[in-house]
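Trainee:
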Amino acid sequence: MDVHNAFLHGDLAEEIYMSPPPGLRQQGENHLDCRLHKSLYELKQASSQWFAKFSEAICSAGYIKSRVDYSLFTSKRGESFTALLIYVDDILITANDPVRITATK
Numbered sequence: 003m004d005v006h007n008a009f010l011h012g013d014l015a016e017e018i019y020m021s022p023p024p025g026l027r028q029q030g031e032n033h034l035d036c037r038l039h040k041s042l043y044e045l046k047q048a049s050s051q052w053f054a055k056f057s058e059a060i061c062s063a064g065y066i067k068s069r070v071d072y073s074l075f076t077s078k079r080g081e082s083f084t085a086l087l088i089y090v091d092d093i094l095i096t097a098n099d100p101v102r103i104t105a106t107k
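Take a look at the structure:
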C-alpha cells in the first residue's frame, strides 16, 4: 500500500519559517517569511514527523511496535494475526485473515 502525500501529514514540534514561492507575494508586500504548521517534503524533519504520526495512529488502533524492528507493527486478536511493515511511505500488510487486512486499510 502506498500512502499518497505521506510527509504532508506530519505535525511540526518546532517553529519553522520559509520564504513564500515567487508568484505568491502581492505587489508592495514586504512580508518575507511564512510559518509552517505542517511538514513539507523538503524538510529534514518530514520523515520522522510522518512516522511519529503513523505510529501514534496505528498503536491507538491496537497494534504493537516491535522492539527489534521499529518499522514492524503487529496485532493479534484471537486466531487472527496481522503484521504491518513500513518503509518510507509504503506499507506492507499481511495477515492470516483477509477481513483484518481490509479493516486495517
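Quick note: the sequence shown uses this note's numbering, first residue 3, plus one each step.
Built from N, CA and C at the ideal position, the CB exists for glycine as well.
1) Less than 8 Å between the beta carbons of arginine 37 and tyrosine 19, yes or no?
2) Where serine 82 and aspartate 35 are concerned, what is the direct C-alpha to C-alpha distance, given to the nearest angstrom?
3) Can you grab the Cα-Cα spacing for the pair alanine 97 / proline 22, in whole Å?
4) Ignore the nearest five residues each way along the sequence and tell me which others in serine 77's own chain have a CB closer than 6 Å to its CB.
5) Taking Cβ to Cβ, would you say serine 49 is nearer than 8 Å to valine 5?
Mentor: Checking against the coordinates, here is how it stands:
1) Taking C-beta atoms as the reference points, arginine 37 and tyrosine 19 count as a pair closer than 8 Å.
2) The C-alpha of aspartate 35 is placed about 51 Å away from the C-alpha of serine 82.
3) Their backbone Cα atoms lie some 45 Å apart in a straight line.
4) Short of 6 Å from the beta carbon of serine 77, and not among the five residues preceding or following it, lie these beta carbons of its own chain, in chain order: Gly64, Tyr65, Thr84.
5) With respect to valine 5, serine 49 sits apart: the two C-beta atoms are not nearer than 8 Å.
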